[in-house]
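Visitor:
Chains as they are written, first to last, in the working numbering: chain A, 1 to 268; chain B, 1 to 160.
(1) By DSSP, does residue 177 (chain B) sit in helix, in strand, or in coil?
(2) Hey, could you find the ends of the alpha helix (DSSP H) residue 18 (chain A) is sitting in?
(3) Looking at residue 25 (chain B): is its Cβ nearer than 7 Å to the Cβ of residue 76 (chain B)?
(4) Indicate whether at least one CB of chain B lies closer than 7 Å to the CB of residue 15 (chain A).
(5) Which two residues bound the contiguous beta strand (DSSP E) that contains residue 166 (chain A)?
(6) What does residue 127 (chain B) touch in chain A if you count any residue whose Cβ is under 7 Å from its own?
(7) For the region 139-217 of chain A, list the alpha helix (DSSP H) runs that are entirely contained and at least 4 residues long, ordered along the chain.
(8) Within 7 Å (strictly less), CB to CB, does residue 21 (chain B) reach chain A?
(9) Residue 105 (chain A) and residue 71 (chain A) - do their beta-carbons sit closer together than 7 Å?
(10) Measuring CA to CA, which of B:107, B:151 and B:125 is closest to residue 171 (chain A)?
(11) My guess is that residue 66 (chain A) and residue 117 (chain A) are in contact by the Cβ rule of under 8 Å, so how many angstroms apart are they, rounded?
(12) Is any beta-carbon of chain B found at less than 7 Å from that of residue 39 (chain A)?
(13) Give me, in chain order, the residues of the same chain whose beta-carbon lies closer than 6 Å to that of residue 170 (chain B); leave out the 5 immediate sequence neighbours on both sides.
(14) What did DSSP end up calling residue 128 (chain A) once you bin it into helix, strand or coil?
(15) Kindly indicate the opening and closing residues of the beta strand (DSSP E) around residue 9 (chain B).
(16) Within this structure, are the beta carbons of residue 11 (chain B) and residue 79 (chain B) separated by less than 7 Å?
(17) Please return the same chain residues whose Cβ sits closer than 8 Å to the Cβ of residue 11 (chain A), not counting the five positions on each side in sequence.
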């Protein structure tokens, strides 16, 4: 591995250095150093930022701001982020979670990026030096992005409104067959007033299940009433094939797991 | 390749070296400092054989650059025995036949040490969770889990 690391005290200076060819940003290292160890010779220089704000978690007024360098272990153990702990704990083993960052997870290709799936369901905003973009836009354009992510923000979901499920063959740590995050708001009569459903491994990056979301509106979360949403779950998906599961298998089991998530029948 | 100075505490001793910029901590420990207890397994963050404890946190030395560890306190399995007496975890692994080829053992012991430091009386599930980032291809995990639970009991008895 022939790499040179430069540490900057400001995001602005690091962003400037990042524009040079062969340069990648070093966050927790679980993606970029893995690539370098695997022989990715396109990486020759690394930059990182020592700015403390990148590692801070801020929660106020029902909103959360996670610095891009906040680790998934820090999210998992933060008492005010308990609703997100299952999504943070879904990533890797303890050592990986001590290193992998919120910002890095946004760039993780499928079958990784389980926490980004949660952020998509939360309709998070991704913040960089150039401004703020919705997470869905960010994910769509992430390959062409050359600006350092500094933070993500989102409204803290009510405890019973957010649901997350990672399906893997190996427990407790295994690579995703698929992951699903859902943000549901129900009216007083129990019908779904709004729904955001995000899927992992059903494309090369986290994606919304919009047809299923639409089909849920005005429905109660019972087996009969969610049936149209479950049937529509695969619409627009293009599941990946990898050593964990084939595209066909992922497409077949998605409705089953979405149904379990909506009915709160998740077995951990 | 530019050489960069690296200074940290390894198992209680100050270490200062010049390494090539971009050198993994695993390589610095093994090739420069001579601590070969962390093992290079997958170099992908998957197997956990290179696990070390940095400032109290379990980390993967294959995915950590040495120069990012300036000023850190690093613990490896080589630093656990005191005055020739094995650490309770090391003793338990031997007694429970929790090692076979031994390649994964240092990483397993590091993961277990972090667990017992924070959770002195872990449940079986706690142990399974703590070791979930460490792959063993020969013992089948059960002896390893039992060794960690035995070490926890030994620690509790010693503390009582």
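Yeah, the Cβ is synthetic: ideal placement off N, Cα and C, and Gly gets one too.
Guide: Quick answer:
(1) The question about residue 177 (chain B) has no answer, for chain B in this structure spans 1 to 160.
(2) It spans 11-18 - the alpha helix (DSSP H) in which residue 18 (chain A) sits, taken as one unbroken run.
(3) no
(4) Closer than 7 Å: no.
(5) 162-168
(6) What residue 127 (chain B) touches in chain A: nothing, since even the nearest Cβ is about 11 Å away.
(7) 210-216
(8) yes
(9) no
(10) B:125
(11) No, residue 66 (chain A) and residue 117 (chain A) are not in contact; Cβ-Cβ is about 15 Å, not under 8 Å.
(12) Contact of residue 39 (chain A) with chain B is not assigned, every C-beta pair being separated by 7 Å or more.
(13) As shown, chain B starts at 1 and ends at 160. That puts residue 170 (chain B) outside it, with no answer to give.
(14) strand
(15) Run containing residue 9 (chain B): 3-10, per the beta strand (DSSP E) assignment.
(16) yes
(17) 49, 51, 54, 129, 148 and 150
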